[in-house]
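Numbering (the numbering used here), first residue to last: 871 to 1123.
This is the structure in C-alpha coordinates:
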(Lines of atoms letter the chains of each structure in order from A and count residues from 1; the text may use other names and numbers.)
(Lines give C-alpha, C1' and ligand atoms only; values in the text may rest on other atoms or scores of the structure.)
Protein backbone atom coordinates (compact mmCIF):
# COMPACT_ATOMS: atom_id res chain seq x y z
CA UNK A 1 0.00 0.00 0.00
CA UNK A 2 1.51 3.29 -1.12
CA UNK A 3 1.43 6.88 -0.02
CA UNK A 4 -0.76 7.53 -3.07
CA UNK A 5 -3.27 4.97 -1.75
CA UNK A 6 -3.40 6.77 1.59
CA UNK A 7 -3.76 10.15 -0.07
CA UNK A 8 -6.58 8.91 -2.32
CA UNK A 9 -8.40 7.35 0.62
CA UNK A 10 -8.05 10.50 2.70
CA UNK A 11 -9.32 12.62 -0.19
CA UNK A 12 -12.31 10.30 -0.57
CA UNK A 13 -13.11 10.72 3.12
CA UNK A 14 -12.83 14.52 2.90
CA UNK A 15 -15.14 14.47 -0.12
CA UNK A 16 -17.63 12.23 1.69
CA UNK A 17 -17.70 14.53 4.72
CA UNK A 18 -18.20 17.55 2.47
CA UNK A 19 -21.02 15.70 0.70
CA UNK A 20 -22.80 15.06 4.00
CA UNK A 21 -22.69 18.79 4.71
CA UNK A 22 -24.25 19.55 1.33
CA UNK A 23 -26.85 16.79 1.26
CA UNK A 24 -28.07 17.41 4.81
CA UNK A 25 -27.92 21.20 4.72
CA UNK A 26 -31.12 22.75 6.00
CA UNK A 27 -32.22 19.66 7.93
CA UNK A 28 -33.93 20.04 11.29
CA UNK A 29 -35.59 17.83 13.86
CA UNK A 30 -39.37 17.51 13.61
CA UNK A 31 -41.11 20.65 14.92
CA UNK A 32 -42.90 18.61 17.60
CA UNK A 33 -39.79 16.70 18.73
CA UNK A 34 -39.16 16.72 22.46
CA UNK A 35 -37.25 14.80 25.12
CA UNK A 36 -37.17 14.44 28.88
CA UNK A 37 -35.67 17.50 30.57
CA UNK A 38 -34.59 15.39 33.56
CA UNK A 39 -32.65 12.82 31.55
CA UNK A 40 -31.71 14.45 28.24
CA UNK A 41 -31.66 18.24 28.44
CA UNK A 42 -33.59 21.47 28.41
CA UNK A 43 -36.28 22.73 26.09
CA UNK A 44 -33.80 25.36 24.92
CA UNK A 45 -31.43 22.60 23.83
CA UNK A 46 -34.19 20.75 21.95
CA UNK A 47 -34.96 24.04 20.21
CA UNK A 48 -31.40 24.09 18.84
CA UNK A 49 -32.16 20.87 16.94
CA UNK A 50 -34.98 22.68 15.16
CA UNK A 51 -32.62 25.31 13.76
CA UNK A 52 -30.71 24.22 10.66
CA UNK A 53 -26.99 24.36 9.97
CA UNK A 54 -25.72 25.49 13.37
CA UNK A 55 -23.00 23.70 15.29
CA UNK A 56 -23.93 22.10 18.60
CA UNK A 57 -21.57 22.06 21.54
CA UNK A 58 -19.95 18.67 21.90
CA UNK A 59 -21.84 17.67 25.03
CA UNK A 60 -25.20 18.42 23.39
CA UNK A 61 -24.17 16.61 20.22
CA UNK A 62 -23.17 13.51 22.15
CA UNK A 63 -26.39 13.49 24.16
CA UNK A 64 -28.36 13.90 20.94
CA UNK A 65 -26.91 11.06 18.91
CA UNK A 66 -26.86 8.65 21.86
CA UNK A 67 -30.45 9.27 23.02
CA UNK A 68 -32.55 6.18 22.14
CA UNK A 69 -35.99 7.73 22.59
CA UNK A 70 -36.55 10.42 19.97
CA UNK A 71 -40.00 10.35 18.39
CA UNK A 72 -38.40 10.76 14.96
CA UNK A 73 -34.80 9.61 15.27
CA UNK A 74 -34.29 9.85 11.50
CA UNK A 75 -34.95 13.60 11.41
CA UNK A 76 -32.75 14.18 14.46
CA UNK A 77 -29.94 12.16 12.88
CA UNK A 78 -30.22 14.04 9.60
CA UNK A 79 -30.00 17.31 11.54
CA UNK A 80 -26.73 16.41 13.28
CA UNK A 81 -25.18 14.04 10.73
CA UNK A 82 -22.52 16.30 9.14
CA UNK A 83 -21.15 17.30 12.56
CA UNK A 84 -21.62 13.81 14.02
CA UNK A 85 -19.62 12.23 11.19
CA UNK A 86 -16.73 14.66 11.66
CA UNK A 87 -16.68 14.03 15.39
CA UNK A 88 -16.62 10.27 14.80
CA UNK A 89 -13.65 10.56 12.45
CA UNK A 90 -11.81 12.80 14.91
CA UNK A 91 -12.56 10.45 17.84
CA UNK A 92 -14.26 13.21 19.80
CA UNK A 93 -17.43 11.34 20.73
CA UNK A 94 -18.62 10.61 24.27
CA UNK A 95 -15.88 8.48 25.90
CA UNK A 96 -18.55 6.72 27.96
CA UNK A 97 -20.33 5.47 24.84
CA UNK A 98 -18.90 2.60 22.83
CA UNK A 99 -18.53 2.33 19.06
CA UNK A 100 -21.52 -0.02 19.01
CA UNK A 101 -23.65 2.81 20.44
CA UNK A 102 -22.54 5.14 17.67
CA UNK A 103 -23.32 2.54 15.02
CA UNK A 104 -26.76 1.90 16.45
CA UNK A 105 -27.54 5.62 16.26
CA UNK A 106 -27.25 5.26 12.48
CA UNK A 107 -29.31 2.08 12.58
CA UNK A 108 -32.11 3.69 14.60
CA UNK A 109 -32.37 6.34 11.90
CA UNK A 110 -32.96 3.61 9.27
CA UNK A 111 -30.80 5.60 6.86
CA UNK A 112 -30.90 2.89 4.20
CA UNK A 113 -34.59 3.73 3.70
CA UNK A 114 -33.95 7.45 3.19
CA UNK A 115 -34.18 9.07 -0.28
CA UNK A 116 -31.51 7.77 -2.63
CA UNK A 117 -29.19 10.78 -2.47
CA UNK A 118 -29.24 10.84 1.32
CA UNK A 119 -28.67 7.09 1.68
CA UNK A 120 -25.81 7.19 -0.84
CA UNK A 121 -24.14 10.04 1.05
CA UNK A 122 -24.22 8.03 4.29
CA UNK A 123 -23.01 4.86 2.54
CA UNK A 124 -20.16 6.75 0.86
CA UNK A 125 -19.09 8.17 4.20
CA UNK A 126 -19.00 4.76 5.90
CA UNK A 127 -16.97 3.23 3.07
CA UNK A 128 -14.63 6.22 2.85
CA UNK A 129 -14.00 6.24 6.60
CA UNK A 130 -13.19 2.52 6.54
CA UNK A 131 -10.76 2.78 3.63
CA UNK A 132 -9.08 5.84 5.14
CA UNK A 133 -8.68 3.95 8.42
CA UNK A 134 -7.17 0.86 6.83
CA UNK A 135 -4.68 2.90 4.81
CA UNK A 136 -3.61 5.13 7.72
CA UNK A 137 -0.75 3.84 9.92
CA UNK A 138 -2.11 5.77 12.91
CA UNK A 139 -5.81 6.58 12.50
CA UNK A 140 -7.55 8.62 15.19
CA UNK A 141 -9.94 5.71 15.78
CA UNK A 142 -8.58 2.12 15.84
CA UNK A 143 -9.71 -0.11 12.99
CA UNK A 144 -11.45 -2.46 15.42
CA UNK A 145 -13.68 0.37 16.66
CA UNK A 146 -14.42 1.70 13.18
CA UNK A 147 -15.43 -1.80 12.10
CA UNK A 148 -17.89 -1.99 14.99
CA UNK A 149 -19.44 1.38 14.12
CA UNK A 150 -19.90 0.64 10.45
CA UNK A 151 -21.12 -2.90 11.05
CA UNK A 152 -23.78 -1.76 13.50
CA UNK A 153 -24.65 1.20 11.26
CA UNK A 154 -25.17 -1.02 8.21
CA UNK A 155 -26.32 -4.23 9.89
CA UNK A 156 -23.71 -6.33 8.10
CA UNK A 157 -20.02 -7.29 8.22
CA UNK A 158 -19.78 -8.50 4.64
CA UNK A 159 -18.74 -5.38 2.66
CA UNK A 160 -16.29 -4.26 5.32
CA UNK A 161 -14.47 -7.60 5.43
CA UNK A 162 -14.39 -7.59 1.62
CA UNK A 163 -12.66 -4.20 1.69
CA UNK A 164 -10.16 -5.42 4.28
CA UNK A 165 -9.40 -8.44 2.11
CA UNK A 166 -8.80 -6.18 -0.90
CA UNK A 167 -6.52 -3.76 0.95
CA UNK A 168 -3.39 -5.69 1.81
CA UNK A 169 0.09 -4.83 3.04
CA UNK A 170 1.01 -2.22 5.60
CA UNK A 171 -0.81 -0.65 7.36
CA UNK A 172 -3.93 -2.76 6.76
CA UNK A 173 -2.12 -5.87 7.99
CA UNK A 174 -0.93 -4.05 11.10
CA UNK A 175 -4.54 -3.13 11.87
CA UNK A 176 -5.54 -6.76 11.31
CA UNK A 177 -2.88 -7.96 13.76
CA UNK A 178 -3.98 -5.43 16.38
CA UNK A 179 -7.64 -6.32 15.96
CA UNK A 180 -7.06 -10.08 16.23
CA UNK A 181 -4.91 -9.52 19.31
CA UNK A 182 -7.69 -7.47 20.89
CA UNK A 183 -10.53 -9.84 19.97
CA UNK A 184 -9.10 -13.36 20.13
CA UNK A 185 -10.12 -13.92 23.77
CA UNK A 186 -13.79 -13.23 23.06
CA UNK A 187 -13.80 -15.09 19.75
CA UNK A 188 -12.18 -18.19 21.26
CA UNK A 189 -15.02 -18.14 23.80
CA UNK A 190 -17.48 -18.11 20.88
CA UNK A 191 -18.55 -14.57 21.68
CA UNK A 192 -18.76 -11.56 19.38
CA UNK A 193 -16.39 -8.88 20.76
CA UNK A 194 -19.13 -6.24 20.95
CA UNK A 195 -22.82 -5.96 21.73
CA UNK A 196 -25.05 -6.10 18.67
CA UNK A 197 -28.77 -5.65 18.20
CA UNK A 198 -29.36 -8.68 16.02
CA UNK A 199 -27.75 -11.65 14.26
CA UNK A 200 -25.01 -11.94 16.88
CA UNK A 201 -24.23 -15.56 16.10
CA UNK A 202 -24.27 -15.02 12.35
CA UNK A 203 -21.87 -12.08 12.69
CA UNK A 204 -19.56 -14.06 14.96
CA UNK A 205 -19.47 -16.98 12.54
CA UNK A 206 -18.85 -14.71 9.55
CA UNK A 207 -16.04 -12.90 11.35
CA UNK A 208 -14.29 -16.03 12.61
CA UNK A 209 -14.68 -17.82 9.26
CA UNK A 210 -13.13 -14.86 7.48
CA UNK A 211 -10.25 -14.61 9.95
CA UNK A 212 -9.44 -18.32 9.67
CA UNK A 213 -9.42 -18.05 5.88
CA UNK A 214 -7.94 -14.63 5.19
CA UNK A 215 -5.75 -13.68 8.14
CA UNK A 216 -3.02 -16.33 8.62
CA UNK A 217 -1.01 -15.80 5.44
CA UNK A 218 -1.17 -12.03 5.77
CA UNK A 219 -0.19 -12.01 9.42
CA UNK A 220 2.59 -14.55 8.94
CA UNK A 221 4.07 -12.30 6.26
CA UNK A 222 3.56 -9.35 8.60
CA UNK A 223 5.71 -11.10 11.20
CA UNK A 224 3.29 -11.66 14.08
CA UNK A 225 4.12 -14.10 16.85
CA UNK A 226 3.43 -17.77 16.17
CA UNK A 227 1.15 -17.86 19.21
CA UNK A 228 -1.27 -15.46 17.54
CA UNK A 229 -1.34 -17.59 14.40
CA UNK A 230 -2.21 -20.62 16.52
CA UNK A 231 -5.08 -18.72 18.13
CA UNK A 232 -6.49 -17.91 14.72
CA UNK A 233 -6.14 -21.59 13.78
CA UNK A 234 -8.02 -22.54 16.94
CA UNK A 235 -10.97 -20.43 15.81
CA UNK A 236 -11.50 -23.02 13.10
CA UNK A 237 -11.80 -25.83 15.66
CA UNK A 238 -14.69 -26.68 17.96
CA UNK A 239 -15.21 -28.53 21.24
CA UNK A 240 -12.39 -30.67 22.56
CA UNK A 241 -10.38 -30.13 19.39
CA UNK A 242 -10.05 -26.51 20.47
CA UNK A 243 -9.84 -26.80 24.26
CA UNK A 244 -7.40 -29.72 24.27
CA UNK A 245 -5.14 -28.41 21.54
CA UNK A 246 -1.56 -28.07 22.84
CA UNK A 247 -1.61 -24.41 21.80
CA UNK A 248 -4.79 -23.55 23.72
CA UNK A 249 -3.87 -20.34 25.58
CA UNK A 250 -5.64 -21.27 28.82
CA UNK A 251 -8.34 -18.61 28.65
CA UNK A 252 -11.04 -18.89 31.31
CA UNK A 253 -14.65 -17.89 30.68
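The beta carbon of each residue, even a glycine, is placed where N, CA and C say it ideally should be.
Kindly indicate which residue of the options has the alpha-carbon position closest to the one of residue i.
i, options, result
"residue 1042", "950, 1073 and 1000", "1000"
"residue 977", "951, 959, 998 and 957", "951"
"residue 965", "1069, 1085, 905 and 936", "936"
"residue 960", "909, 1051, 1117 and 880", "880"
"residue 1093", "1039, 1054 and 1115", "1039"
"residue 1013", "983, 993, 981 and 1052", "1052"
"residue 912", "934, 896 and 923", "934"
"residue 1055", "993, 1097 and 924", "1097"
"residue 987", "895, 874, 1120 and 1116", "895"
"residue 1031", "994, 1083 and 981", "1083"
Assuming residue i and residue j form a contact by the criterion Cβ under 8 Å, report the distance between their Cβ atoms to the nearest whole angstrom.
i, j, result
"residue 953", "residue 931", "6 Å"
"residue 996", "residue 1045", "The pair is not a contact, with the Cβ atoms about 17 Å apart (cut-off 8 Å)."
"residue 946", "residue 926", "Not quite, the Cβ-Cβ distance comes to about 11 Å (not below 8 Å), so this is no contact."
"residue 989", "residue 886", "So it is not a contact: roughly 13 Å between Cβ atoms."
"residue 876", "residue 1006", "6 Å"
"residue 1099", "residue 1118", "Between residue 1118 and residue 1099 the Cβ distance is about 14 Å, and since that is not below 8 Å, they are no contact."
Return yes when the Cβ of residue j is within less than 8 Å of the Cβ of residue i, no when it is not.
i, j, result
"residue 1125", "residue 1022", "Nothing about residue 1125 can be reported from this structure: the residues present for the chain run from 871 to 1123 only."
"residue 963", "residue 972", "yes"
"residue 1081", "residue 1047", "no"
"residue 1102", "residue 1091", "no"
"residue 958", "residue 893", "no"
"residue 991", "residue 883", "no"
"residue 904", "residue 921", "no"
"residue 1034", "residue 970", "no"
| For the 8 Å Cβ check, are there 3 or more pairs between the stretch 939-947 and the stretch 891-904? | Taking 8 Å as the limit for Cβ pairs, the verdict is that the stretch 891-904 does touch the stretch 939-947.
| query | Does the stretch 1027-1038 touch the stretch 1076-1085, meaning 3 or more C-beta pairs lie closer than 8 Å? | reply | Taking one beta carbon from each stretch, the stretch 1076-1085 and the stretch 1027-1038 have 3 or more pairs nearer than 8 Å; the two touch.
| Is the number of C-beta pairs between the stretch 1099-1112 and the stretch 1053-1071 that are closer than 8 Å three or more? | Contact between the stretch 1099-1112 and the stretch 1053-1071 is present, because at least three Cβ pairs lie under 8 Å.
| request: Starting from the N-terminal side, write out each stretch of the alpha helix (DSSP H) that is 4 residues or longer and does not extend beyond the stretch 889-940. | output: Runs of the alpha helix (DSSP H) inside the stretch 889-940: 913-918 and 928-936.
| Those runs of the alpha helix (DSSP H) which lie wholly inside the stretch 1016-1104 and span at least 4 residues | Segments of the alpha helix (DSSP H) lying fully in the stretch 1016-1104: 1028-1036, 1042-1058 and 1070-1092.
| query | Mind pulling the alpha helix (DSSP H) runs of 4 or more residues that sit fully within the stretch 940-991? | reply | If we require 4 residues or more, the alpha helix (DSSP H) runs fully inside the stretch 940-991 come out as 943-960 and 969-978.
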